[in-house]
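Q: Provided herewith is a single structure, encoded as C-alpha cells, for subsequent inquiry.
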Amino acid sequence: MIKPAIQGVHNVLKACAKAKTVKRVILTSSAAALSINKLNGTGLIMDEKNWTDVEFLTSEKPPTWGYPASKTLAEKAAWKFAEENNIDLITVIPSLMTGPSLTLDIPSSVHLSMSLITGNEFLKNALKGMQMLSGSISITHVEDVCRAHIFLAEKESASGRYICCAVNTSVVELAEFLNKRYPQYQVPTDFGDFPSKAKLAITSEKLISEGFSFKYGIEEVYDQTVEYFKAKGLLN
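Last residue of the sequence shown: number 236 in the UniProt record's numbering, and the count goes up by one each step with no gaps.
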C-alpha cells in the first residue's frame with residue numbers, strides 16, 4: 001500500500017515536470033496524513049503544520065495503520081519532488097467525505113459516515129476505530145471538497161497545504177445529532193465508556209482565510225446523504 005502510493009505520486013509529478021506546460025498541481029491528500037499522533041488530552045487543534053506520526057504507526061501498527069502511513073509518506077514525497085523540480089504544488093487535505101455520489105456504487109467513505117443510521121456493526125466499529133486512531137470524526141461534503149480543489153487551482157495567492165474540513169465531532173456526539181434529527185431510524189446513543197469527546201479538531205482556517213466558504217454544514221450533509229440512501233433503496 002505504501003510503495004504504490006509513493007510511486008503513483010512520483011509518476012504523476014514526473015509527467016507534470018516533463019510536460020513543461022503544467023502551471024500548478026493540486027494533489028488530494030487526506031486528514032489521515034495530518035492528525036494521528038500520541039498526544040494526550042482533548043481540545044487539541046491541528047493545522048497544516050501538523051503531520052501524522054509515521055514512526056508511531058510503523059512501530060505500534062494499530063488497525064489500518066498502512067492507510068495513514070501511505071497517505072503521509074506519499075504527500076511528503078510529493079513535497080520533496082515538487083521542491084526539487086520547481087513545481088507549484090498545493091495539497092488539499094480533506095476529512096471523511098460524504099454526500100451523494102455520481103458513481104454507480106456507493107463509496108466506502110459514505111457507507112462509513114452512514115453506519116450509525118444503517119446499523120452496520122462492522123462499519124460502526126470502524127468509525128469508532130477512526131476516532132480512537134485519528135482523534136475525531138471530521139466530516140466534509142464531497143461537493144465542498146471538489147469546490148476547494150477548483151478554488152485553490154484558481155487562487156493565485158494559494159500555496160502549501162490546505163485542510164478541508166467542515167465538521168469536527170465524535171462518534172457519541174454524531175449519534176446524538178442523528179438520533180435527534182432522524183428519530184425514525186432510532187440511532188443508538190449509548191456507547192458505554194467509549195470517549196464522548198473528540199481528542200482534537202482539524203481546522204480549515206487557512207482555507208477560509210483565502211476566501212473559501214463551506215456550502216454544507218452537518219445538517220445539509222446528512223439530509224442529502226439520507227435522501228441519497230433512500231434513493232438507493234438502503235433506507236425507508
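From the three backbone atoms N, C-alpha and C, an ideal C-beta is built for every residue, glycine too.
Val172 by DSSP, collapsed to three states: which one?
A: Here Val172 sits in helix by DSSP.
Q: Under the three-state reduction of DSSP, which class applies to Ala198: helix, strand or coil?
A: In this structure, Ala198 counts as coil in the three-state DSSP scheme.
Q: Just checking my contact of Ile139 with Val221 at CB under 8 angstroms: how many whole Å lie between their CB atoms?
A: So it is a contact: roughly 6 angstroms between Cβ atoms.
Q: Could you pull out every residue in the same chain whose Cβ sits closer than 6 angstroms to the Cβ of Tyr185, ignoring the five residues on either side in sequence?
A: Answer for Tyr185: Ile117, listed in chain order.
Q: Here's a check: name, in chain order, each residue in its chain whose Cβ is nearer than 8 angstroms to the Cβ of Asp144, leaving out the five neighbours to either side.
A: Cβ within range, chain order: Cys164, Ala166, Phe214, Lys215, Tyr216.
Q: According to DSSP, is Met97 helix, strand or coil?
A: Residue state, collapsed to three classes: strand.
Q: For Thr189, which residues in the same chain have their Cβ closer than 6 angstroms to its Cβ, ignoring the five residues on either side in sequence?
A: Ala175, Glu176, Asn179.
Q: Does the separation of the CB atoms of Ile93 and Ser30 fall below 8 angstroms?
A: Result yes, Cβ atoms of Ile93 and Ser30 sit closer than 8 angstroms.
Q: State buried or exposed for Asn50, treating a residue as buried only when at least 16 other CB atoms are found within 10 Å of its CB.
A: Label assigned to Asn50: buried.
Q: If the criterion is Cβ atoms closer than 8 angstroms, does the pair Ser170 and Ala198 meet it?
A: In contact: Ser170 and Ala198 (Cβ atoms closer than 8 angstroms).
Q: Quick one: grab the DSSP three-state call for Tyr182.
A: The answer is coil: DSSP assigns Tyr182 none of H, G, I, E or B.
Q: Give every residue of the same chain whose Cβ lies closer than 7 angstroms to the Cβ of Pro107, excluding the five residues on either side of it in the sequence, and list them in chain order.
A: The answer, listed in chain order, is Ser101.
Q: Whose C-alpha, out of Glu75, Pro63, Lys155, is nearest the C-alpha of Lys206?
A: Answer by Cα proximity: Lys155.
Q: By DSSP, does Gly8 sit in helix, in strand, or in coil?
A: In this structure, Gly8 counts as helix in the three-state DSSP scheme.
Q: In three-state DSSP terms, what is Val167?
A: The answer is strand: DSSP assigns Val167 an E or B state.
Q: Where are the beta strand (DSSP E) runs, 3 residues long or more, that stay fully inside the UniProt domain "NAD-dependent epimerase/dehydratase" (6–158), in chain order?
A: 25–28, 44–46, 89–94, 96–98, 137–141, all fully within the UniProt domain "NAD-dependent epimerase/dehydratase" (6–158).
Q: Can we say the region 71–91 touches the region 115–129, given the rule of at least three CB pairs closer than 8 angstroms?
A: Verdict: no, contact absent.
Q: How about Ala32 and Val54: do their beta carbons lie closer than 8 angstroms?
A: In this structure, Val54 does not lie closer than 8 angstroms to Ala32 by Cβ.
Q: With a threshold of 16 other CB atoms inside 10 Å of the CB of Lys20, please say whether the residue is buried or exposed.
A: Counting Cβ neighbours within 10 Å, Lys20 comes out exposed, since fewer than 16 surround it.
Q: Who does Tyr162 pair with in a DSSP beta bridge?
A: Paired residue(s): Val92.
Q: Taking 8 angstroms as the cut-off, decide whether the C-beta atoms of Leu152 and Leu89 are in contact.
A: Taking 8 angstroms as the Cβ cut-off, Leu152 and Leu89 do not qualify as a contacting pair.
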